[in-house]
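Structure, as structure tokens:
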Amino acid sequence: MKKEFNIITIGGATQDIFLISNQYQVKDGKLQLDWGEKFLADRLFTDVGGGACNSAVGFSRLGLSVAFWGKVGMDIPGQVIAQRLKEEKVSIKLLVIDEKAQTSTSAVLVGKGGERAIVMYRGDNDDLLTHTPSFDLFTQTEWIYLSDLGAHTESFTFKILDLVTNNNSKLAFVPGQHQLKQGIEALKPILSKSTILILNIYEAYQLLYGSYPGEEKESCHTNEGNILKMLKEFYQLGPRYVVITRDKCGVSAYDGRSSYQEASPAVDKVTDTTGAGDAFASAFITAIIKEKDIRTALSWGNKNAGSVIASYGAQYGLLKLSQLE
Numbered sequence: 005m006k007k008e009f010n011i012i013t014i015g016g017a018t019q020d021i022f023l024i025s026n027q028y029q030v031k032d033g034k035l036q037l038d039w040g041e042k043f044l045a046d047r048l049f050t051d052v053g054g055g056a057c058n059s060a061v062g063f064s065r066l067g068l069s070v071a072f073w074g075k076v077g078m079d080i081p082g083q084v085i086a087q088r089l090k091e092e093k094v095s096i097k098l099l100v101i102d103e104k105a106q107t108s109t110s111a112v113l114v115g116k117g118g119e120r121a122i123v124m125y126r127g128d129n130d131d132l133l134t135h136t137p138s139f140d141l142f143t144q145t146e147w148i149y150l151s152d153l154g155a156h157t158e159s160f161t162f163k164i165l166d167l168v169t170n171n172n173s174k175l176a177f178v179p180g181q182h183q184l185k186q187g188i189e190a191l192k193p194i195l196s197k198s199t200i201l202i203l204n205i206y207e208a209y210q211l212l213y214g215s216y217p218g219e220e221k222e223s224c225h226t227n228e229g230n231i232l233k234m235l236k237e238f239y240q241l242g243p244r245y246v247v248i249t250r251d252k253c254g255v256s257a258y259d260g261r262s263s264y265q266e267a268s269p270a271v272d273k274v275t276d277t278t279g280a281g282d283a284f285a286s287a288f289i290t291a292i293i294k295e296k297d298i299r300t301a302l303s304w305g306n307k308n309a310g311s312v313i314a315s316y317g318a319q320y321g322l323l324k325l326s327q328l329e
């Protein structure tokens, strides 16, 4: 029997407030802000964000049937998020709207080169599991996209893993900060059930070695051997496809037979990098769902990410399928 959804995304939805300024000072890759100092923003606007929400919109624009499970308040930001999802043809059957909750909000500081720093208030995102949905709905999906669930969600995670096993679903895992802090040992049950694992270079080092050494900033070729070693280490833990995004150094992947490298997307001007990872993930996973080869999946991911970073906000630049093919 055909399932209702191609994929269900699980994770956060936020209100993003962008403060864009050429006055932000950056030194050694770090934003310099002094207490008591004031900066004038050249531009301010708000948009919808959150990793799982961004990816849900990305999947929908690429023609997949998708539902989003997350939590928002009954405040104005929550209503805006719900409306955006409906406009983008994302099912909100699983969306939790709690009149007592406050919707997650992020302040995104964007500099002249498109670099950004994010200050996030998670609101009640971490309280998602107080409104556990009917798991019957999760049996109606071919794939589950699992991102940051917040703290104290181990029991729910194991329930999701059971559903993946018992319903012959597939799992795409894009770990968030709470999951990364748990460490590699705690994540092994998830990795063993994952078909796709996507993480960035900093997260890969953090999980396998505890911290990022920093050498890759000097040369994209310095750590090629280390990258392949990490790809293989993650692959041994269960995922069929392992993908590590590497900022300006492109993206590397491994499928158990070969390793693959794709250059970073060619963009005339990087405007804002917010949502680039979500854009890449949604396009890469869509290609795999549509039974494309891994090189095509990497190309789709890069094109989608490149389109997103050319404009402000995490969702505006998300492409449609006809623009990728």
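Mapping to my numbering: the sequence shown position 246 is 250, numbers consecutive.
All C-beta atoms, glycine included, are put in the ideal place defined by N, C-alpha and C.
Please read these numbers as outputs of a predicted model, since none were measured by experiment.
The beta carbon of residue 188 lies closer than 7 Å to those of 211 and 212 in the same chain, with the five residues before and after it left out. In the structure shown, residue 304 falls within a helical segment according to DSSP collapsed to helix, strand and coil. Annotation for residue 230: the continuous alpha helix (DSSP H) segment containing it runs 228–240. In terms of CA proximity to residue 242, 195 leads the group 328, 23, 195 and 27. Annotated as distal: residue 61 and residue 327, with beta-carbon spacing of 8 Å or more. Excluding the 5 residues flanking it on each side, residue 101 has same chain C-beta neighbours closer than 7 Å at 76, 78, 82 and 86, in chain order. Each of 274, 113 and 209 was checked against the Cα of residue 45, and the nearest Cα belongs to 113. Residue 113 carries a strand assignment under DSSP once its states are collapsed to helix, strand and coil.
Here residue 266 is bridged, per DSSP, to 255. Spanning the alpha carbons of residue 90 and residue 96 requires a straight line of approximately 7 Å. DSSP places residue 140 outside any beta strand (DSSP E), giving it a letter other than H or E. CA-CA distance, residue 193 to residue 285, rounds to 21 Å.
Burial state of residue 36 is exposed, judged by a 10 Å Cβ sphere holding fewer than 16 other Cβ atoms. Unbroken beta strand (DSSP E) runs of no fewer than 3 residues, entirely contained in the region 28–96, are found at 29–31, 34–36, 47–53, 70–73 and 75–77, following chain order.
Within the DSSP secondary-structure output, residue 124 pairs in a beta bridge with 110. By the Cβ criterion, the region 43–58 is in contact with the region 10–22, since at least three pairs of Cβ atoms, one from each stretch, lie closer than 8 Å. Between the alpha carbons of residue 27 and residue 271 lies a gap of roughly 23 Å. Per the DSSP secondary-structure output, residue 247 pairs in a beta bridge with 202 and 257. A check of alpha carbon separations from residue 301 across 316, 65 and 329 identifies 329 as the nearest. Taking C-beta atoms under 8 Å as the contact rule, residue 9 and residue 144 qualify, at a distance of about 6 Å. Distance between residue 233 and residue 312, taken at the CA atoms: about 30 Å. Here residue 304 has 287, 291 and 328 as same chain residues with Cβ atoms under 6 Å from its own Cβ, once five neighbours each way along the sequence are excluded. Remark: C-beta atoms of residue 256 and residue 264 approach each other more closely than 8 Å. Secondary structure note for residue 158: its alpha helix (DSSP H) is the uninterrupted segment 158–170. If you ignore the 5 residues before and after residue 65, its C-beta comes within less than 6 Å of the C-beta of 322 and 324, all in its own chain and listed in chain order. Residue 111 is a Cβ neighbour of residue 21, given a cutoff of 8 Å. Beta-bridge pairing by DSSP links residue 148 to 12 and 175.
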